[in-house]
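Step one of this worksheet: look at the structure below.
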Amino acid sequence: MLPSLSMNETAPEPAEPVDGRRARRARGRAAVVEATIDLVLEGFSPPTVEQVADRAGVSTASVFRYFDTLDELRDETTRRYFQRFAHLLEIPEIGEGTLEARITRFVDIRHELYTATAPMARLVRNRASKVAALHDILHQHREVMAGDIRRHFGAELDGLGAVFRGEMVGTIATLTSFESWSELTEDHRRTPAQIRRGWARALSLLLTG
4 MLPSLSMNET
14 APEPAEPVDG
24 RRARRARGRA
34 AVVEATIDLV
44 LEGFSPPTVE
54 QVADRAGVST
64 ASVFRYFDTL
74 DELRDETTRR
84 YFQRFAHLLE
94 IPEIGEGTLE
104 ARITRFVDIR
114 HELYTATAPM
124 ARLVRNRASK
134 VAALHDILHQ
144 HREVMAGDIR
154 RHFGAELDGL
164 GAVFRGEMVG
174 TIATLTSFES
184 WSELTEDHRR
194 TPAQIRRGWA
204 RALSLLLTG
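Heads up: the sequence shown runs through residues 4 to 212, numbered per my numbering.
Laid out in structure tokens, this is it:
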């Protein structure tokens, strides 16, 4: 039997409505995910649960209430990362203008994307080989980028045979990939201006050769 209340005791507060709990949980999950991304971009790779909780303004226990496992948190963080920086995937005025102008816009937006997201991009790629869901997300991300290459340089690529066009798109995608940018930055010590200039020259040769 449940104990009865004495005259000096008060009844408990009504339970929070289910919809309210769900909304609060959704806000908490979102805060934890955004905090994780922010910390990674600031150089905490990977951040500790305590760091994430402190940044999100929740307890460490809440983090584990919102996410059953750290892998679930990492997967959700990856999905949100791609959503958050989707605008940097968009090529301004895609497919419009002279070849030189299109190359410049393409090189600039790719460089801006990698500069803004480098720590998170490295973390995602390190885990993608171990987590099938992340591998699939990364593959879809690359497919989107390849599709934009086909559109942006359609004037030069559309007249090619299907096989050669595919080879060209793959070459351009690889040349201007995050992995390429990272190697040029860290191993070859190229400056941002040097990377953009080198990419632009290579693209011009590929697309006019």
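Just so you know, even glycine gets a beta-carbon here, dropped at the ideal spot from N, CA and C.
For G150, the secondary structure class from DSSP, reduced to helix, strand or coil, is helix.
The Cβ-Cβ distance between T81 and R130 falls below 9 Å. Our two residues, A203 and H114, have alpha carbons roughly 11 Å apart in a direct line. Taken through DSSP and simplified to helix, strand or coil, V127 comes out as helix.
Contact annotation: the segment 51-59 does not touch the segment 102-121, with fewer than three C-beta pairs closer than 8 Å. Where F85 is concerned, the enclosing alpha helix (DSSP H) starts and stops at L73 to R87.
Boundaries cannot be given for F156, as no alpha helix (DSSP H) includes it and DSSP labels it neither H nor E. Rounded to whole angstroms, the gap between the alpha carbons of R27 and G164 is 54 Å. By the 16-neighbour rule on beta-carbons within 10 angstroms, L137 is buried. Here V66 is buried. Its C-beta has 16 or more other C-beta atoms within 10 Å. In the three-state reduction of the DSSP assignment, E96 falls in the coil class. A distance below 9 Å separates the beta carbons of E45 and P122. In terms of CA proximity to Y69, A34 leads the group A34, E96 and V43. Contact annotation: the segment 139-151 does not touch the segment 190-208, with fewer than three C-beta pairs closer than 8 Å. Spatial neighbours of L42 in its own chain (CB-CB distance under 7 Å, excluding positions within 5 residues in sequence) are listed in chain order as P50, Q54, V55 and R58.
Taking each of Y117, T211, F85 and E159 in turn and checking the Cα distance to T179, the smallest one comes out for Y117.
Look at the beta carbons and you see the segment 168-188 not touching the segment 72-86: under three pairs across the two are nearer than 8 Å.
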